[in-house]
Amino acid sequence: MRHYEIVLMIHPDQTSEQLIKIINIYKQFILKNNGLIHRFEDWGRRQLAYSVKKLRKAYYILMNIELSPHNIDQFKKILRFDNFVIRNLILNVKNKINSISPMLKIKDEKKVVKL
Numbered sequence: 001m002r003h004y005e006i007v008l009m010i011h012p013d014q015t016s017e018q019l020i021k022i023i024n025i026y027k028q029f030i031l032k033n034n035g036l037i038h039r040f041e042d043w044g045r046r047q048l049a050y051s052v053k054k055l056r057k058a059y060y061i062l063m064n065i066e067l068s069p070h071n072i073d074q075f076k077k078i079l080r081f082d083n084f085v086i087r088n089l090i091l092n093v094k095n096k097i098n099s100i101s102p103m104l105k106i107k108d109e110k111k112v113v114k115l
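In terms of UniProt numbering, the sequence shown opens at residue 1 and continues consecutively.
Put into structure tokens, the structure is as follows:
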């Protein structure tokens with residue numbers, strides 16, 4: 001089993017119910033194939049630096065998982081053919097990561113400042 005960091009950019013026109021269904025499909029695939037999810041973060045809907053498929057916003061999801069190389073190849077194929085995922089990034093990492101990402105820390109700090 002290897003450790004991976006995955007960032008998904010999901011089409012911004014999805015409702016919260018549709019977004020939950022999409023995310024659950026990927027979570028179930030990982031767990032069904034004896035994988036582990038060490039960290040899951042919903043960064044929310046964010047502005048893109050440049051347009052992707054004529055879109056200026058996307059929902060960002062971050063996952064740190066542990067999965068076999070064979071199953072990560074299947075996971076990549078599923079992502080490639082999913083119309084809701086406009087971009088994805090899958091990186092190999094050396095160790096599992098449980099800590100909060102810098103993006104989520106910044107998001108939380110902004111909420112505290114607004115209060």
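Beta carbons: idealized from backbone N, C-alpha and C, even for Gly. Small disclaimer: the values here were computed from a predicted structure and weren't measured.
Check	Outcome
Any contact between the segment 92-99 and the segment 73-84? By contact I mean 3 or more CB pairs, one from each, below 8 Å.	no
If I'm right that residue 22 touches residue 65 with Cβ under 8 Å, what's the distance once you round it to whole angstroms?	Between residue 65 and residue 22 the Cβ distance is about 16 Å, and since that is not below 8 Å, they are no contact.
Which of the three DSSP states, helix, strand or coil, is assigned to residue 16?	helix
Please name the residue or residues paired with residue 3 in a DSSP beta bridge.	66 and 93
Do you know offhand how far residue 48's Cα is from residue 85's?	14 Å
For residue 103 and residue 5, I'd like the C-alpha separation in whole angstroms.	14 Å
According to DSSP, residue 40 sits in a beta bridge with which residue or residues?	63
When you compare the CB positions of residue 88 and residue 8, do they come within less than 7 Å of one another, or not?	yes
If you draw a straight line from the C-alpha of residue 59 to the C-alpha of residue 80, how long is it?	17 Å
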